[in-house]
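Worksheet: one structure, shown below.
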Amino acid sequence: MKNKFLTLFIAFISICTYAQDQFQKGYFIDNDNQKVNCLIKNMDWKYNPTEFIYKLNETSEEKQATINTVKVFEIIDISKYVRKTVYIDKSSVHINKLTELRDPSFEEETFFLKVLIEGNANLYAYEKRSFIRFFYEVNNNEIKQLIYKEYKTSDYIPIVKENNDFRKQIYEDLKSKNITITNTLNLKYNQKSLIKKFVQYNKDTQQDYTIYKNTTKRDLFNLALKVGVDYSSVLITNNNLFPGIYYDIDAGNTTKLRYGVEFEYIMPFNNNKWAITFEPTYQYFKKKHSGEHELKYSTNIPHKTDVDYKSIELPVGIRRYFYLNKESKLFMNAALIFDYNLNNSQIIVQRHSAIERLDITSKNFNFSLGLGYNYNKKLSIEARYYSPRELLRQQASKGSKYKNLSLVLGYSIF
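Letter by letter, the sequence shown follows residues -19 to -1, 1 to 395 in mature numbering (1 follows the signal peptide of the UniProt record, and there is no 0).
Rendered as structure tokens:
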């Protein structure tokens, strides 16, 4: 069953890699200053792109344009990028890589900068995995980086400090009646704070301006009720009878219900395709079983088992959606599960007249993989595989593998 599920999971990934992003109305300006109206594939870029895919109309073939051939491209009412050659400081923000130099170290590079504000004063952003940098341009003068840099002192115990020269730049170059030295002293180096200042400057200078932001509605947080059916089994092992003698006891399998609630955070990029999930769940396994287990070099021994296992699972996972249409989407999950067994969870094993009572202390964590379907952002169904979980973590000579497959139904409250 495990191998079949993993094979299905891999096949699911392969099939879903075709999932498309939408082509939306836009344009680009090429090196000859020719404006080309087209449909641009909206990838909802988190990091600044160096290329994009477009079509001249709905039925035409897809083409690729790059930073070498395009000056500007825009997806109407969503995003705009302009090609700029700038001096950029790429100093690391990781503490163990900070230098003792306060001043930035500039390199000349050409990027597609994301336009945040366009007016008498323009604000741009460049983001990659390790940092984000903002640039500005006033009255069509030279484009400059807004300077922010972390560095460390040369003391025996280094102290991290900040070069906040961007505040001085804004005060000197965007000085107006509502932008003063006082209200720039505590300005933060982030998109929200900087946009506010540039909007204020364009208002103060009575200039028209445009704020470029994605107007697509995003459901960043979702809450769903979950109920599921588990197919579970428990296998008990003993490796300490005497040399060469081992046994496995099958404590049986059972079908049972599980109950939970899921909190989902949709990542604000890549067209809502990625999410982080947290799904507290109550689950239990209660089963009495009689049978025989086989001893090496001996005859079969009858046994009785009574497993009473209850726990709260706290899975933290990542989810990837694959959109089929506006109402339907497939998804796959991977989660790390922290399991906390409840009081009085135990396994009782009886062999002849000998009775063992084993307190359950489950392993710190295991993982799960899931494949599912979501309809209209309300209803979902998911098949889920769990890696084996050790229930007798504190037993030196005994072990117990808890295996589980689930079918989980969900209903989103919001």
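Note that CB positions come from ideal geometry on N, CA and C, so glycine has one too.
Member of the options whose CA lies at the smallest distance from the CA of residue i
i           : options                   : result
R301        : A315, S292, D289 and N18  : A315
T258        : A205, Y129, N234 and L168 : A205
T47         : D185, N77, K359 and T91   : T91
residue 423 : F116, N12 and N120        : Since the displayed the chain opens at -19 and closes at 395, residue 423 lies outside it and no answer follows.
Y193        : Y265, K177, K207 and N77  : K177
L82         : T40, F54, S135 and N122   : S135
I57         : K78, Q5 and S73           : Q5
A364        : N357, R338 and L350       : L350
K307        : Y321, K358, L175 and R338 : K358
G241        : P369, K379, S393 and N325 : S393
F323        : F348, L339, I293 and L305 : Sequence check: residue 323 is Leu here, not Phe. Among F348, L339, I293 and L305, the Cα nearest to that of L323 is on I293.
N77         : I138, E108, E55 and K109  : I138
S72         : L305, T31, R110 and S213  : R110
K156        : N167, N183 and S174       : N183
F54         : Y321, I128, F87 and N18   : N18
T66         : F87, V74 and H75          : F87
L175        : I128, L339 and Y321       : I128
L339        : K379, F33 and D320        : K379
N101        : F33, D154 and R332        : D154
Y321        : L360, Y263 and N385       : Y263
F319        : F348, M313, I328 and I162 : F348
S213        : F33, F9 and P369          : P369
Per DSSP, the bridge partner or partners of residue i
i    : result
Y383 : V215 and R370
N253 : Paired residue(s): none; N253 is not in a bridge.
K237 : D211
N12  : BP columns for N12 are empty, so no partner.
T186 : Bridge partners of T186: none, in fact.
L201 : Per DSSP, none; premise fails for L201.
Y193 : Per DSSP, none; premise fails for Y193.
T262 : G241 and E294
D287 : K269 and I329
Y302 : F312
E89  : Y68
Q45  : I34
N103 : E118
F112 : K109
CA-to-CA distance, residue j to residue i, given in whole angstroms
i    : j    : result
K130 : Y68  : 14 Å
V180 : A106 : 15 Å
N12  : V297 : 48 Å
I140 : E243 : 41 Å
I336 : D287 : 11 Å
I226 : N219 : Residue placement at I226 is poorly supported in this model, since its pLDDT is 48, which falls under 50; the coordinates are not used for a value here.
Y170 : F147 : 8 Å
R374 : L311 : 37 Å
F346 : N203 : 25 Å
T40  : E371 : 56 Å
T165 : R114 : 18 Å
T235 : W26  : 47 Å
V330 : S271 : 10 Å
T191 : D185 : 15 Å
S381 : L216 : 5 Å
F395 : Y117 : 39 Å
N122 : P249 : 33 Å
K52  : E89  : 17 Å
I230 : K207 : 33 Å
L317 : Y367 : 10 Å
K268 : D289 : 7 Å
P85  : E108 : 17 Å
S279 : L305 : Bear in mind that the predicted position of S279 carries a pLDDT of just 47, short of 50, making it unreliable; the figure below should be weighed with that in mind. Rounded to whole angstroms, S279 to L305 spans 59 Å at the Cα level.
P30  : N385 : 43 Å
Check whether residue i and residue j have beta carbons under 9 Å apart
i    : j    : result
K133 : T80  : yes
K237 : D200 : no
F266 : K291 : yes
N355 : S387 : no
L295 : E245 : no
G7   : Y28  : no
G233 : L390 : no
N144 : I124 : no
Q3   : N159 : no
E43  : K16  : no
N49  : L20  : no
I341 : G353 : no
Q150 : D70  : no
Y383 : S326 : no
| task | Evaluate the contact criterion for the segment 290 to 308 versus the segment 253 to 271: three or more CB pairs, one atom per stretch, below 8 Å. | result | yes
| query | Is it a yes or a no for the segment 93 to 107 touching the segment 59 to 78, going by three-plus beta-carbon pairs under 8 Å? | reply | yes
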